[in-house]
Each structure stands twice: as structure tokens, then as C-alpha cells.
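The opening position of the sequence shown corresponds to residue 1242 in my numbering, with each subsequent residue numbered one higher.
Beta carbons: idealized from backbone N, C-alpha and C, even for Gly.
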Amino acid sequence: MSNVHRIHHAAIVVADIDASLRFWRDGLGFQPLMDETFEGDWKTLFGIDATKVRSVMVGDPSRPGSGIVEFVQFIGAEVPPGFELLSLFVGDVDETLAQLGDAAEELRRIEVESPDGPVPMVTVRDPDGVLVEIIGPPLSRK
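Listed below in C-alpha cells is the structure:
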């Protein structure tokens, strides 16, 4: 298998990002790594009727290989708080989907613009119903 996979983060839909930061940052010592709002076709990718999402990631900046937790709030949509997904970075989205074959249930796909080109993002569910986000490297612009 030439396609490299790694878990990047676990995302949690939260009711209150500030309360989550008090718990994870102030209580457990995780450090903020990112706080951004992104626009995208989240309805297609996640089935959530929103075009904007606020994403705050926390972890240990001195240990890049350590886990990252992402707090997510979909702007303009009521989404119950709780676990949302595991996010993976892969070398090639299409190769990964081919490897999954029929195991990839509920396939949804979008591309999100980035400075380096469109980034392919796909969501599938594992056999237990866990939502898995598969993110590939930016595609070259044509």
C-alpha cells in the first residue's frame, strides 16, 4: 500500500467553545493550535445545513505527533453537541476509497479551496457508524 494514512484529529461538536477551552486548555493543559472559521459545502459533506463552521484545535505544539482535539460549531445550524468524527490525512483520496471498496458507506465528497489548490474531502461511515473524514493533499490547479 503506497497510500500513507494518519489520524489528524478527533472533532467534537460543542455547545460552547469557551466552556470547552476552559476544560481542555485551562483544566487539562492543551494549547490552542488554531481558531478559524471556514466556508464550505458542509451540507454535502456532513449533512448539516450550514455554510460556515468555526474550528478550534488544541493539542501540544511541542509534540507534533500527539493527538489533536477539534471543537466545532456549525454557524447558523442547530447541531447537538457530542462526538462528530475522526479525521484522516491520506496520500490519495481515490486510492483510499478504492481500498475501502464496499466498506465505504454513505460516501459524500467536496473540495475546499486552499492557497495550494482545492483540497478533496470525503466522509464515510465505518462498520459501527463512526463518521470518518478522509482528506487528501491539495489538487494541482489546471
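Going straight from the alpha carbon of residue i to that of residue j, what length do you get?
i: E1354; j: G1268; result: 35 Å
i: G1358; j: H1246; result: 20 Å
i: E1319; j: V1363; result: 22 Å
i: K1284; j: V1365; result: 14 Å
i: E1325; j: L1348; result: 16 Å
i: D1276; j: V1313; result: 10 Å
i: F1264; j: G1270; result: 9 Å
i: T1292; j: A1256; result: 18 Å
i: E1346; j: D1367; result: 7 Å
i: D1301; j: Q1272; result: 6 Å
For residue i, count the other beta carbons within 10 Å of its own beta carbon; 16 or more makes it buried, fewer makes it exposed. Which is it?
i: G1317; result: exposed
i: A1252; result: buried
i: F1315; result: buried
i: V1299; result: buried
i: M1242; result: Unreliable placement is indicated for M1242, whose pLDDT of 42 sits below 50; the coordinate value is still reported in the next sentence. Exposed, since its Cβ has fewer than 16 Cβ neighbours within 10 Å.
i: S1261; result: buried
Spell out the partners DSSP gives residue i in its beta bridges.
i: K1284; result: K1284 is not bridged to any residue.
i: G1300; result: Q1272
i: R1263; result: Beta-bridge pairing links R1263 to no other residue.
Following the continuous beta strand (DSSP E) through residue i, name the residue where it begins and the one where it ends.
i: E1311; result: 1310 to 1316
i: E1346; result: 1346 to 1353
i: V1363; result: 1360 to 1366
i: V1373; result: 1372 to 1376
i: A1252; result: 1246 to 1254
Task: Three or more C-beta pairs below 8 Å linking the stretch 1330 to 1347 and the stretch 1300 to 1317 - done: Two segments are said to touch when three or more pairs of C-beta atoms, one from each, lie closer than 8 Å; by this definition the stretch 1330 to 1347 does not touch the stretch 1300 to 1317.
TODO: Mind the definition here: the stretch 1321 to 1334 touches the stretch 1372 to 1379 only if three or more C-beta pairs lie below 8 Å; say whether that holds.
DONE: A contact exists between the stretch 1321 to 1334 and the stretch 1372 to 1379.
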